[in-house]
Every structure is written in structure tokens, then in C-alpha cells.
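With numbering that gives the first Met the number 0, the residue at position 30 of the sequence shown is 29, and numbering never jumps. All C-beta atoms, glycine included, are put in the ideal place defined by N, C-alpha and C. Remember, predicted model here, so these are calculated numbers, not experimental data. Structure, as C-alpha cells:
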Amino acid sequence: MSSNQHSPPRGASATYEIVFDGGALGNPGKGYGSYIVSHGGADIQHMRHEYGDNVTNNQAEYQTLIEALAWLASKLGSTASETSVHVNGDSQLVLNQLMGRWKVKNQGLRPLHHKAIGLIRQFRDVSLVWHSRDHSMRRLGH
């Protein structure tokens with residue numbers, strides 16, 4: 000796990016951006032993921048995680064988003080409920096499942112989906128936006 004972080008600004012008008020990406024070498028295989036949390040154009044947290052063996056790409060995507068949302072919620076504390084978050088990722092499956100457009104059919108993803116929804120509900124509002132794989136590679140380096 001590697002990290003580069005600063006304290007997030009607080010306040011009712013705060014808006015944050017999360018860019019996340021996860022994957023697995025082998026699918027399933029060694030899982031990994033990284034995310035950046037930014038505010039006002041400045042990165043305040045950049046983290047990379049390793050999730051061990053026998054992890055699927057989709058599990059790593061969910062786990063990485065969960066890590067990012069949990070970090071931001073813990074740093075904001077009670078002001079999380081006053082905060083907007085723009086989430087950007089390249090996983091159509093994760094984003095569409097979280098928006099309720101697609102069902103969560105895979106049993107292994109259901110607990111991760113449930114946990115992500117619980118974290119999303121801690122914020123005032125969360126927008127979920129798909130971006131290209133190239134954007135993830137430019138922002139996160141993988």
C-alpha cells in the first residue's frame with residue numbers, strides 16, 4: 000500500500016472527485032487498485048492497494064472504490080452528509096450496478112455492492128460517471 004495524502008477541506012459547499020481503477024493479473028489473480036481523491040483541482044489522496052490472490056477484475060474495481068469512499072467519509076466525518084462527490088471510473092459494470100441500471104448477478108460482488116451503496120449514502124449526493132480506460136491510465140498510471 001502506498002499513499003500520498005493531505006487533509007481534505009471541509010464545508011457545506013465542498014465537492015470532491017474520485018478517480019478509481021482496479022484490476023487483476025490473471026482474472027482471477029493478484030488484485031490491485033488505485034484511486035485519487037481531489038478537491039478544487041488538487042489531489043489530496045493518492046493510494047494504491049494490493050488485494051492478494053484469486054481476485055477478479057470486478058472485485059478489485061469495487062474494492063478500490065470502497066477504499067476511496069471510506070477514506071473520504073472518515074476524513075470528512077459528520078460533514079460527509081453535506082458533501083457532493085463525483086466518482087469517475089472505467090468499469091461500466093460497477094458504475095451501472097451502483098446506479099441501479101444493471102442487476103448484481105454475481106454472488107461474489109453482492110457484498111461489495113452493498114458496502115459501496117452504504118458508503119455512497121453517507122454523502123449528500125454522488126454522481127457516477129464512466130470514462131475511458133485511457134483516462135484511468137493517464138490519471139492513475141495503470
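May I ask you to list the residues that DSSP assigns as paired with residue i?
i      : result
Gly30  : Ala23, Gly51
Val93  : None; Val93 has no bridge partner.
Leu152 : This structure leaves residue 152 out entirely; the chain is present only between 0 and 141.
Ser73  : Looking at the DSSP assignment, Ser73 forms no beta bridge with any residue, so it has no partner.
Val103 : DSSP, once it has assigned bridges, lists no residue as partnering Val103.
Under 7 Å Cβ to Cβ from residue i, same chain only, skipping five residues before and after it: list those, please.
i      : result
Arg123 : Ser80, Glu81, Thr82, Ser83
Tyr34  : Ile17, Val18, Phe19, Met46, Thr63, Glu66, Ala67
Arg132 : Asp89
Can you say whether residue i is buried or exposed, counting buried as having 16 or more other CB atoms within 10 angstroms of its CB?
i      : result
Met46  : buried
Glu49  : exposed
Arg138 : buried
Gly21  : buried
Ala41  : exposed
Gly39  : exposed
Leu75  : buried
Glu24  : In the sequence as displayed, the identity of residue 24 is Leu instead of Glu. So Leu24 ends up on the exposed side.
Ala11  : At Ala11, the pLDDT of 47 sits below 50, so the modelled position is not reliable and the matter cannot be decided from this model.
How about residue i and residue j: are their beta carbons less than 8 Å apart?
i      : j      : result
Tyr15  : Leu68  : no
Val125 : Val93  : no
Tyr61  : Leu108 : yes
Leu111 : Gln58  : yes
Asp89  : His141 : no
Take residue i and list the residues in its own chain whose beta-carbon comes closer than 6 Å to its own, dropping the five residues that flank it on each side.
i      : result
Met98  : Leu127
Trp101 : Asn95
Lys114 : Ile65
Closer than 8 Å by C-beta to residue i: which residues in its own chain qualify, once you throw out the five before and the five after it? Chain order, please.
i      : result
Asn26  : Thr55, Asn56
Asn105 : Asn57
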